[in-house]
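Following: one structure in structure tokens, then a few remarks.
Numbering (the numbering used here), first residue to last: 108 to 232.
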């Protein structure tokens, strides 16, 4: 999958990878491929995977970087990011929050069915 996402001629706008059992390492490979590929993603659905179970700081930061690219770089102008049911906790959300704050095009972030408390939610405020 990562090799296909690296193709310069690929013009995906929506990518749904929900329910595939991906862990943090898998996600880091996917995000790295999206950064070099030709897709101009507007919507990324990563619901119901296993990110929070194994994610390390560098893996969460790689996803945050996908959000904080400049508005002129339309390849990184996500409008929708779905991360529901991934066992994400407050620490993961705190790392993701920086990318969310800088994401000029992000309109909807879905984080339901995770392990986020008020502390994690306050990082997103």
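No residue lacks a Cβ here, since even glycine has one placed at the ideal position from N, Cα and C.
Simplified DSSP assignment, three categories, for residue i
i: residue 230; result: helix
i: residue 154; result: coil
i: residue 122; result: strand
i: residue 117; result: coil
i: residue 49; result: Limits of the chain in this structure are 108 at one end and 232 at the other, which puts residue 49 out of reach.
Span of the alpha helix (DSSP H) around residue i
i: residue 174; result: 164 to 174
i: residue 112; result: 109 to 112
Beta-carbon separation (whole angstroms), residue i vs residue j, contact threshold 8 Å
i: residue 123; j: residue 155; result: Actually they are not in contact, since the Cβ atoms of residue 123 and residue 155 sit about 11 Å apart, beyond 8 Å.
i: residue 189; j: residue 152; result: 4 Å
i: residue 212; j: residue 171; result: With a Cβ gap of about 14 Å, residue 212 and residue 171 do not count as contacting.
i: residue 227; j: residue 200; result: 4 Å
Closest residue to residue i among the options (Cα-Cα distance)
i: residue 145; options: 110, 128, 134; result: 110
i: residue 127; options: 137, 200, 142; result: 137
i: residue 196; options: 157, 120, 208; result: 157
i: residue 169; options: 125, 141, 120, 121; result: 141
i: residue 220; options: 119, 118, 125, 193; result: 193
i: residue 198; options: 108, 225, 116; result: 225
Continuous beta strand (DSSP E) stretch holding residue i: start and end
i: residue 198; result: From DSSP, residue 198 is part of no beta strand (DSSP E) but of the alpha helix (DSSP H) over 197 to 209.
i: residue 130; result: Counting along the chain, residue 130 falls outside any beta strand (DSSP E), and DSSP gives it neither H nor E.
i: residue 149; result: No beta strand (DSSP E) holds residue 149; DSSP gives it neither H nor E.
Beta-carbon proximity check, residue i vs residue j, cutoff 8 Å
i: residue 229; j: residue 159; result: no
i: residue 202; j: residue 167; result: yes
i: residue 175; j: residue 210; result: yes
i: residue 187; j: residue 150; result: yes
i: residue 148; j: residue 185; result: yes
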